[in-house]
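Protein chains in written order, with my numbering: chain C, 1 to 326; chain G, 327 to 652; chain B, 653 to 1001; chain W, 1002 to 1350.
C-beta atoms are modelled at their ideal positions from N, C-alpha and C, and glycine is treated no differently.
Nothing here was measured: the structure is a model prediction, and the numbers come from that model.
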Amino acid sequence: MPILQIRQAIRDAMKEEMERDERVFLMGEEVGYYNGAYKCSEGLLDHFGPKRVIDTPITETGFAGIGIGAAMCGLRPIIEFMTFNFSAVAFDQILNNAAKLRHMTHGQFAVPMVFRGPNAAAHMLGSTHSQAFEHFYAHIPGLKVIAVATPYDAKGLLKTAIRDENPVLFLESELMYSVKGEVPEEEYLIPFGQADIKRPGEQVTVITWGQGVPVALKAAELAAAEDLSCEVIDLRSLRPMDEAAIIASVKKTNRAVVVYHGWPNGGVGCDVVARIQELAFDDLDAPVLRVCYEDLPMPYAENLENLILPSPERALAAIRRVAYKR
Amino acid sequence: MPILQIRQAIRDAMKEEMERDERVFLMGEEVGYYNGAYKCSEGLLDHFGPKRVIDTPITETGFAGIGIGAAMCGLRPIIEFMTFNFSAVAFDQILNNAAKLRHMTHGQFAVPMVFRGPNAAAHMLGSTHSQAFEHFYAHIPGLKVIAVATPYDAKGLLKTAIRDENPVLFLESELMYSVKGEVPEEEYLIPFGQADIKRPGEQVTVITWGQGVPVALKAAELAAAEDLSCEVIDLRSLRPMDEAAIIASVKKTNRAVVVYHGWPNGGVGCDVVARIQELAFDDLDAPVLRVCYEDLPMPYAENLENLILPSPERALAAIRRVAYKR
Amino acid sequence: MDAAYEAKLRADYDGQSREDVLRDYREMLRIRRFEEAAARAYTRGKISGFLHLYIGQEAIAVATKQAMEPGDRVVSTYRTHGFAVALGSDTKACAAELFGKAAGLVGGVGGSMHFFDKERGLWGGYAIVGNHIPVAAGHAFASQYTGDGRVTLCFMGDGAVGIGPVHEGMTMAGIMKLPIVFVVENNQYSMGTPLKRTLPVEDITSRAAGYGFASDRFHVTSVQETRRRLGEAIERARKDGKPTLIELITYRFRGHSMSDPAKYRQKEEVDRWRLNDPLERALMALKTIYQVPEQELDAIDEAIVAEMDAAYEFADKAPAPAPEARFDNVMAEGPYYGDSATTRPAGVE
Amino acid sequence: MDAAYEAKLRADYDGQSREDVLRDYREMLRIRRFEEAAARAYTRGKISGFLHLYIGQEAIAVATKQAMEPGDRVVSTYRTHGFAVALGSDTKACAAELFGKAAGLVGGVGGSMHFFDKERGLWGGYAIVGNHIPVAAGHAFASQYTGDGRVTLCFMGDGAVGIGPVHEGMTMAGIMKLPIVFVVENNQYSMGTPLKRTLPVEDITSRAAGYGFASDRFHVTSVQETRRRLGEAIERARKDGKPTLIELITYRFRGHSMSDPAKYRQKEEVDRWRLNDPLERALMALKTIYQVPEQELDAIDEAIVAEMDAAYEFADKAPAPAPEARFDNVMAEGPYYGDSATTRPAGVE
Ligand SMILES: Cc1ncc(C[n+]2csc(CCOP(=O)(O)OP(=O)(O)O)c2C)c(N)n1
Ligand SMILES: Cc1ncc(C[n+]2csc(CCOP(=O)(O)OP(=O)(O)O)c2C)c(N)n1
Ligand SMILES: [Mg+2]
Ligand SMILES: [Mg+2]
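Now the structure itself:
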């Protein structure tokens, strides 16, 4: 099977869908002539021309809204945020228009579109550029929220996102665009709402997504060296969430740790905890722990950033704790 | 003791603080000549003049930012959002400027200010005007988030908010502005981070805040009629949160229900659950349940809205469930 | 009637047929009577939430309907009943929407602030000030992309022009040369605030140059002048892909919403504007220029009142949405019961 | 040197003393050498994150420093080292900030994009495009409120003018007549995008009328002309409370940030702009008009290079922030360890 980087898998997904469906277009800052700030749209302008690969001025609210308005007319926009940090200035468009228009119009209109771009901390970008937005968006009914961690998942889920009839927030990672993996040549789609067991195990369930995945896998490796077997579940889809997969694993392991990028209070991490403790109360042998950012704005300095980010070591400590091995 | 409405308590708090400190000013849409969309600033323009009670155009990002910039210069702005729904268009100012500037400037600047206004569903305002914003804001380090449910709390906490050296989001309720209660004539301040036991009880802890408070109290009354004794804890302060008060009560009752306005996935409700199950794991006799909005955009139709809102009946059902009485 | 007023009236109606003026009058009156009935129903507690009436601005919606072609789109605000009625939405469905009934224009889920009627060209109905401007630009973008030849007409209040999304939508429309007309309905107030306290300039169209737009600005006194000048802008959008910013100077005779007693303005001011009320002027023209008998005019009014009475009676009697209706139209897949088993409504699997 | 160039050069420097020109040259060169050193450090992996250089735009920061009075405020973007150096920030602290060290301008927590030096009038350092414009208006509001007589100078890139917060901040400044000067540093590109693809008009100051602002627009070729024209706007703000929108036409010679190879433009274009580089022109003037000996010029450069070498060496050797520094300046009350015992850092009570 061909080996691709995540950025290539994303590009291929967009390219294939744009070839398949003329209604699909890509819009955002520097997606065209510049080939994307992180090169996820490399070659697409050349291939499809400026009608379908559209550079915008710095107007996140403007072009998010254009995407929404175009989707209501039957087009299928892909809106790239250079990073999801910049979606903060378009928050209202996502909250009040994208998420609600189908409902508000009583189904007269649909909003089939994708907002995509890198999310969460990269490396030393400071507090304004290091935020995890699933914790805001997965709260909102009417949206779907996806986070990817491998080229295979990125391609299969992005194609699904582009074909979905709902607004989808598709979260990538600047740090992981170069991560390589096998991607089949033949077409495939990955359905939403299905978690993926990235590492099977018996003693502790580690639930994770996005940039948390490599952290969790590394932690599981460290745990294995201590004879602690972890099952690493990559949620991939945060809304809808594969509750069944989580609960099945927790019923087996009786212990869970959630590893992710983002602040601790509220957000998807607490959501996972709330579901587990309710749906598997009698199965739990220990509280569900979260390993995420410290509750602090992200500093630029490398040593401080590293302390705040969830690390395999911190995840391991939590895994040990829920397994009462410390 | 004088009996005041919440709106009057809020006005008195602002008035007293503006009299005490010339640096305090009030800015927002219709706060001056109109006396506030919900009359929380009644008479303040007459009393303080247009220099300190400032009507703005519809530019939430503009006047939120003006407040932030003024606070950095040593003033102490009170920024009124006509409702917190409109803070969505100023989201970036709150997330990236208000919350982070002290940190980002390494303490060269402080942002002592209050954003206040009604929050969550009122009555038949539809999906764009019925949202609970604590679930977004309490996620963010650097902010404080307060929600009030009585005139006494409103006055004492708003005065504290105005004097606080940090940016404070102060959440009121359109539906509760006319709620009456005793307010002492002499000055008092209520510290942040202290929950208030609104009804003591023994068997189930009901954690709530803001518009959830009357729902929880009513549910506790219904439960009492069934010989189920509930302790109703009004958090008042969502960030910082009085974890000690919650845990102390749960250690006594061994059961907890969280009753609040807002969507279920993520947010403050899940946050409370995550903390309880971690800090009182061995004390819990049942999972912690949430009673909140259904995971749906809010419709206008009264009957549908009532089904979606947390009701005393739904809260009672959850109370019964955690008490294994159903 | 003083001579100057009469002269202006004659000039306004110069060259118009009796039938045309009657039609315009009738259409404006339909809106007014719809709104008056809404106000009464609100007072009787039949309508809840916010209710923003279009009384005084009716000529704009009527002119828009005439100026646009089938397929063109109107995108507007929470003050949008006028457009619905003018565009031909069923007044029964409109009234039922205000009452939150299943037969409402949007099934009772939107209420007054969120009217949509796609079939008739009403593309909303937006209640967050200014956030429909980028969306409207998106409709125009879609027209450009598909070459469907449609024009989008995007309306907003004078109070909206300071907010960021308006600027961003206009910036995009200007760069992309989208087939769109932006219309500011300047009714002198943004809630309780008169223009001069919310705008750094008097002339809103002074913004047009900064976006590379054409512009126009005038007092709305008659349907036909408004239609003609809107028509020019629509043509410019359709033929040349050049956006226009139009400022329509008008007045709302009621408070901002039903909860606003409008104490911030003097009776004299309101009276002055009443002289320019396009509906009153049309009536005056019909009486004086076209010599339409009182009787005929009364009959028109009665027929309209009867339509509105029927609409509001329908609304009153119509059933509320079924409880399960709240699960509809949230997600495309069908009824949606929430994402977690932990918080699923009772009785739902 | 061709005759036209020389004539323009003589005109530009007419009436200026040797000392003044030397001072301006020296200050511009300090910025350039600081930036070049930053680029080298970045290449060596000593600096991380995004690094946006000010090379080509130095005259603006130098002119600003001269035009403003003590207490006036500069609010700018992520491309802000130039202002820090011009305003007199310690170059050691600036370099240390780029290296993420405790001795940095903001303790190493901000990095290149978030420079602040309140003491010297540098009020940021904002990295979300446009979101500092309302904040800057807030500073100006505070000046009006307290009557402190200060003026706020708010800088932004050409790419920022389409975004909503810029519009809202300007709208507020216009209505409230705040003592502020908005300066667009039009360096021809917003990242890889040339102006004509991000702006619906060529002349950004065509927006000024819509806000009730005065305006000015010119090519930045020398410090003194820039100082003079900025000074007029500052005066207008301070004396009359009238905001001005200024468009400064300039050029950045490097890519948008260090990760941008700037392949989107031709060498000829860059060469053309080099002829107008204010630093090169000052050097040329010093050589040809003021006849400053090479030796003297070399000595100036060497001294500056020595300053920057020392700064970067300091930065390199300086210690990283202590681990506990991450708890500082989050909340006013003192070290902050997070809001929940469930997620408190190990070892913290
Ligand atoms: C972003 C936002 N801020 C505030 C409001 C509350 N609000 C609704 S209408 C209105 C006044 C709008 O005035 P204008 O634009 O002139 O329109 P008009 O009501 O006169 O038709 C305000 C402040 C809102 N809906 N959205
Ligand atoms: C809201 C937002 N969107 C996008 C970005 C990413 N970004 C940073 S700088 C930049 C280009 C800005 O160009 P310009 O305003 O001309 O300033 P210059 O870099 O030329 O100084 C972009 C797109 C951002 N920081 N903030
Ligand atoms: Mg108005
Ligand atoms: Mg630029």
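Annotated three-state conformation of N838(B) is strand, per DSSP.
I162(C) places its beta carbon less than 8 Å from that of V24(C). Around the CB of R562(G), 16 or more other CB atoms lie within 10 Å, so the residue is classed as buried.
Along the stretch 510-594 of chain G, the alpha helix (DSSP H) occurs as fully enclosed runs of 4 or more residues at 538-551, 569-579, listed in sequence order.
Under a 10 Å Cβ-count criterion, S669(B) is classified as exposed, with fewer than 16 other Cβ atoms of the shown protein chains found around its own Cβ.
Beyond the five residues adjoining it in sequence on each side, I533(G) comes within less than 7 Å, by CB distance, of I559, L561, I572, A582, V584, V598 in the same chain, given in chain order. If only complete runs of 4 or more residues are kept, the stretch 812-892 of chain B shows the alpha helix (DSSP H) at 816-828, 860-863, 875-892, in order along the chain. Beyond the five residues adjoining it in sequence on each side, A972(B) comes within less than 8 Å, by CB distance, of G752, K753, A754, G760 in the same chain, given in chain order. With a cutoff of 7 Å, Y626(G) does not count as near ligand 1, since its C-beta is closer than that to no heavy atom of the ligand.
Taking every protein chain shown into account, the CB of I380(G) has 16 or more other CB atoms within 10 angstroms, so this residue is buried. Assignment of S1260(W) by DSSP, reduced to helix, strand and coil, places it in the coil class. By the C-beta criterion, the stretch 386-400 of chain G is judged to be in contact with the stretch 1131-1143 of chain W, since at least 3 inter-stretch pairs fall below 8 Å. With fewer than 16 neighbouring CB atoms inside 10 Å of its own CB, F1219(W) falls in the exposed class. When only Cα atoms are considered, G1112(W) and E302(C) end up about 10 Å apart.
Between C596(G) and C270(C), the CB-CB gap stays under 8 Å. For R802(B), there is no enclosing beta strand (DSSP E), since its DSSP letter is neither H nor E. Against chain W, the CB of C596(G) has no partner CB under 8 Å away; the residue lies outside that interface. Not one heavy atom of ligand 4 lies closer than 7 Å to the C-beta of N838(B). As the crow flies, the alpha-carbon of D892(B) is around 11 Å from that of I832(B). In the displayed model, P312(C) falls within a helix according to three-state DSSP.
Contact between the stretch 611-625 of chain G and the stretch 639-650 of chain G is present: 3 or more CB-CB pairs across the two stretches fall below 8 Å.
Distance check between A1094(W) and each of D1015(W), A1311(W), T1343(W), G1335(W) places A1311(W) closest, using alpha-carbon atoms only.
In this structure, T716(B) is the residue among K829(B), T716(B), E721(B), D724(B) with its C-alpha nearest to the C-alpha of V737(B).
Checking the DSSP bridge columns, you'll see I1250(W) partnered with N1187(W), H1220(W). Counting C-beta pairs closer than 8 Å gives fewer than three between the stretch 1299-1308 of chain W and the stretch 1070-1084 of chain W, which falls short of the contact rule. In this structure, the alpha-carbon of V1076(W) lies about 10 Å from that of K1119(W).
Here A154(C) is buried. Its C-beta has 16 or more other C-beta atoms within 10 Å. Between G126(C) and chain W, the shortest Cβ-Cβ separation is below 8 Å. When the five nearest sequence neighbours on each side are left out, the beta carbons in the same chain lying within less than 7 Å of the beta carbon of Y1252(W) are those of G1057, N1188, Q1189, W1274, in order along the chain. In the DSSP annotation of this structure, the continuous segment of the alpha helix (DSSP H) that includes I785(B) starts and ends at 785-798. Listed along chain W is no residue with a C-beta nearer than 8 Å to that of S867(B); the closest approach is about 11 Å.
Within the stretch 1121-1144 of chain W, the residues whose Cβ lies closer than 9 Å to any Cβ of chain C are, in chain order, Y1127, A1128, I1129, V1130, G1131, N1132.
In terms of Cα proximity to Y942(B), the closest of A748(B), R978(B), L661(B), D912(B) is L661(B).
The C-beta of D295(C) has 16 or more other C-beta atoms within 10 Å across all chains shown, which makes the residue buried. Taking a C-beta distance under 8 Å as the contact criterion, T1172(W) and Y1127(W) do not qualify as a contact pair.
At least one heavy atom of ligand 1 sits closer than 7 Å to the Cβ of T729(B).
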